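Top line first, the protein sequences correspond to chains A and B.
Heads up: the first sequence at position 237 corresponds to 236 in numbering that gives the first Met the number 0, and the numbers run straight through without jumps.
Heads up: the second sequence at position 311 corresponds to 310 in numbering that gives the first Met the number 0, and the numbers run straight through without jumps.
For glycine and all other residues, C-beta sits at the position ideal for the given N, C-alpha and C.
All values reported here derive from a predicted model rather than from experimental measurement.
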Amino acid sequence: MSEKKKKTDTMIEVRNLKKYFPIKGGFLGGTGGAVKAVDDVSFTIMRGTTMGLVGESGCGKTTVGRTLLRLTDKTDGTVLFEGKDIYALKREELRQLRPKMQIIFQDPYSSLSPRLPVGEIIGEAVREHHIVPENEYEAYLDKIMASCGLMPYHKDRYPHEFSGGQRQRICIARALALNPDFVVCDEPVSALDVSIQAQIINLLKDLQKEYGLTYLFISHDLSVVEHISDTIGVMYLGKLVEFGTKARVFDRPLHPYTVALFSAIPMPDPDVKMNRIILEGSIPSPANPPSGCRFHTRCNRCMERCKTEEPVQREVEPGHFVVCHLYNL
Amino acid sequence: MSKNIKNSGYISARESRHISRNNRRITGMIEKHRERKNVPLSEYTATMRDPNNVVEFDDLHTYFYTDIGIAKAVDGVSFDVPRGKTVGVVGESGCGKSVTSLSLMQLVQRPQGQIVSGSIRFNGDDGVYDIAKTPTEAMQKIRGNQISMIFQEPMTSLNPVFRVGMQVDEVIALHNHDVSKEKVKERTIEMLELVGIANSHGVYRMYPHELSGGMRQRVMIAMALALSPKLIIADEPTTALDVTIQAQILELLRSLKDKINSSIMLITHDLGVIAEMADFVVVMYSGRIVEKGTVRDVFKTPTHPYTIGLLNSKPVVNRQVERLYSIPGKVPNPINMPDYCYFRDRCELCVEGCEGSYPPEIHLSDTHVVSCYRCAQARKEEAPHE
């Protein structure tokens, strides 16, 4: 116990993580290749900070989140959680680690069991993992629910009786009840209205301060990610094309994709006319990614070598990594 | 009985039966009136207040008769859509923005949803129609032809069992009976090219599932624009799409609007999209308009507390705040609306007058209109000095 409480600065370290989904089918049932959902991704998340992961749909953001928690198996690479390789753990060890890492799903309408009352949804895992002694169980549940803005009498209600924002609070309470260190938030506010979004984002920030949580915040809404994150990773077609602290990535985006992505954000100010870079076409199929740099088909600064040679990750300035031939010094 | 409803929020089976019997009576009467044969043209034609407007909403009330009471989804909405301009309608889910647009298309779920009073004047090619009173048969000539709609989810609004090309063909053929099949196909291909689909002949023969979200939305737009409508209603056209695709679609809508010279009514909850696309903005809350004006009026000098709250609760890139503003409380129940300002219980800028009935519309300038007592007072203080 004492060893675990010792503060290591790195919460999550991901090295060359790969996740391929085999394409089944074909006439003889053979595998016809693989969808490279996550391909050679490396990053670290410090304790108590938030890493934002952005990218278009289908770029592998969610798969990264799920492989970090070993909810799906990896293909290659390592994931270190507080220095422990979670893919080397035995079944029982992993079970003990599970409460420490939790996930909040995107859609609060489908991620709650319609047949369980809210108290049971939140409390089931608490009892299973013996988080608190049995006589303190009810009080603990009330405390967790209160910190997420839910009332004690909500315990006996069912999910369908709640609005979207309230449901997302239930999801957060469920994750938080296990006293986790690391929470993956997979698009927690995408399905919500603007004013409810603000409430949930504030709640997540408050809880982070109170419990010292570490977040991996997955979203396609850049303004939300900028608001909540300390470091930012930009993904494109299974690759982490840019990674760095928020200030560096937002002030000086380097990768052409990041630049285009940022210029596409609509600003709520009629006087700001952005110098918009409109990307042509849509994201290519991850089953058959383009050769060389995966972004070269849509890149406005594409060079000859981009088409053949795959760029590697480089640290352009301290703490700012980019995968692009343009910064090949 | 009504007192019981107000207090508990739950009603007994008996009360519910009573309500539904009443509802059936009312909706039955309205339906009967609607389904009369040979309605004289004079009954559903009108004159525009300003001939430069394409649509004028005038005190529109659309109610839903549900088994627990009447939900006033749209409760007295008036605004204009000028020719060649884009009007953005913004508000949270459930504020009535979609019902407003569905009323204009006569697509409100009948018989429980009914336009109860008010008028929607549409400046059509062959005269001015009051859509609230137009019989279905006449409406079918307008709908899809002069007014068309782009729906929110391209995934669900295309029919999965028909080829994309056929679905666009249908729209064109339905309104032009005398055009040959080849001509229709030609027009469809032309439309697909117009919305930026490179492989138009290939896409013509594809099924919706073979297309990506952005491509499907393009097909929807092609379908909506096929007959060069005077008004395009875009109901959250980019909500289901990625930012980069959203930028493409918005750019496309803007350029096409100028090309076929039509107006757009853009419904969205994304303030960024509104600021970028719209000329005029209408902010709705609980079935009423709380603020309307030009895009600069609303974004530069937001006046209604709800608009201010909405603008503050959205994180903006390159504007750092420690904590996002969140509007306290929640939207009132549409069945039992309070008789005072709907926003009073959530408002942090209440003044004395707020106890009174729902605030009237106050004209701050020629274009900027707000429903709030805060401005009424400011105006009163100003007036004696003049």
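Chain order gives the chain A residues near Gln247 (chain B) as Ile277, where near means a beta carbon separation below 7 Å. DSSP places His128 (chain A) in the coil class of the three-state scheme, outside both helix and strand.
Within the model, the alpha-carbon separation for Gln139 (chain B) versus Tyr43 (chain B) is close to 14 Å. Here DSSP, grouped into helix, strand and coil, assigns Val170 (chain B) to helix.
DSSP places Asn15 (chain A) inside the beta strand (DSSP E), whose first and last residues are Thr9 to Pro21. Residue state for Ala36 (chain A) is assigned as strand, using DSSP reduced to three classes. DSSP places Ile69 (chain B) in the strand class (E or B) of the three-state scheme.
Close to chain B, meaning a Cβ-Cβ distance shorter than 9 Å, are the following residues of the region 258-292 of chain A: Ala259, Leu260, Phe261, Ser262, Ala263, Ile264, Pro265, Met266, Pro267, Asp268, Pro269, Asp270, Val271, Lys272, Met273, Arg275, Ile276, Ile277, Leu278, Glu279, Gly280, Ser281 and Ile282. With the criterion set as a beta carbon lying under 7 Å from some beta carbon of chain B, the region 296-309 of chain A has no members that meet it.
Taking 8 Å as the upper bound for CB-CB distance, Val248 (chain A) and Ile264 (chain A) are not in contact here, some 14 Å apart. Under the 8 Å criterion on CB atoms, Gln101 (chain A) is classed as non-interfacial with respect to chain B. Pairing Ile263 (chain B) with Lys35 (chain A), the inter-Cα distance amounts to about 41 Å.
By the Cβ test, the region 196-208 of chain B is not in contact with the region 231-238 of chain B, since fewer than three Cβ pairs between them sit closer than 8 Å. At the C-beta level, Ser92 (chain B) and Asp192 (chain A) come within 8 Å of one another. The continuous beta strand (DSSP E) containing Leu230 (chain B) extends over residues Leu230 to Asp234. With respect to the 8 Å criterion, Ile103 (chain A) and Ile22 (chain A) are not classified as neighbours on the basis of their beta carbons.
Assigned with DSSP and collapsed to three states, Glu351 (chain B) falls in helix. Sequence-distant Cβ neighbours of Gln167 (chain A) in its own chain, meaning closer than 7 Å and more than five residues away, are Pro107, Pro187, Leu191 and Ile199.
Using a Cβ distance threshold of 8 Å, Val233 (chain A) and His254 (chain A) count as a contacting pair.
DSSP places Gln105 (chain A) outside both helix and strand once states are collapsed to three, so it counts as coil.
Counting only residues of its own chain and dropping the five nearest sequence neighbours on each side, His128 (chain A) has a CB closer than 7 Å to the CB of Pro98 and Leu177. If you check the CB distance, Ala233 (chain B) and Ile259 (chain B) do not come in under 8 Å. Among the bridge pairs identified by DSSP, Lys83 (chain A) is matched with A:Phe80. Runs of the alpha helix (DSSP H) spanning 4 or more residues and lying entirely within the region 50-117 of chain B occur at 96-104, in chain order. The C-beta separation of Arg120 (chain B) from Asp129 (chain B) comes to about 6 Å, placing the pair in contact by the 8 Å criterion.
Secondary structure at His319 (chain A): strand, using DSSP grouped into helix, strand and coil.
In this structure, B:Glu136 is the residue among B:Glu136, B:His174 and B:Cys340 with its C-alpha nearest to the C-alpha of Lys36 (chain B).
Of all residues in the region 276-301 of chain B, only Val294, Arg295 and Phe298 come within less than 7 Å of chain A when Cβ atoms are compared, listed by chain position. Using a Cβ-Cβ distance cut-off of 8 Å, the region 357-374 of chain B and the region 270-289 of chain B are in contact, since at least three pairs of beta carbons, one from each stretch, lie closer than that value.
Put simply, the CB of Ala190 (chain A) is far from chain B, with every gap to its CB atoms at 8 Å or more. Within a 10 Å sphere around the beta-carbon of Lys299 (chain B) sit fewer than 16 other beta-carbons, which makes this residue exposed.
Contact of Glu55 (chain A) with chain B by beta-carbon distance below 7 Å involves Asp241 and Thr243. Excluding five sequence positions before and after Glu308 (chain A), the CB atoms of its chain that fall closer than 6 Å to its own CB belong to Gly291, given in chain order. When Cβ-Cβ separations below 8 Å define contact, Glu250 (chain B) makes contact with chain A.
A residue is called buried when at least 16 other Cβ atoms come within 10 angstroms of its Cβ; Lys73 (chain A) meets this threshold and is buried. What Gln198 (chain A) touches in chain B, judged by beta-carbon distance under 7 Å, is Ser325, going in chain order.
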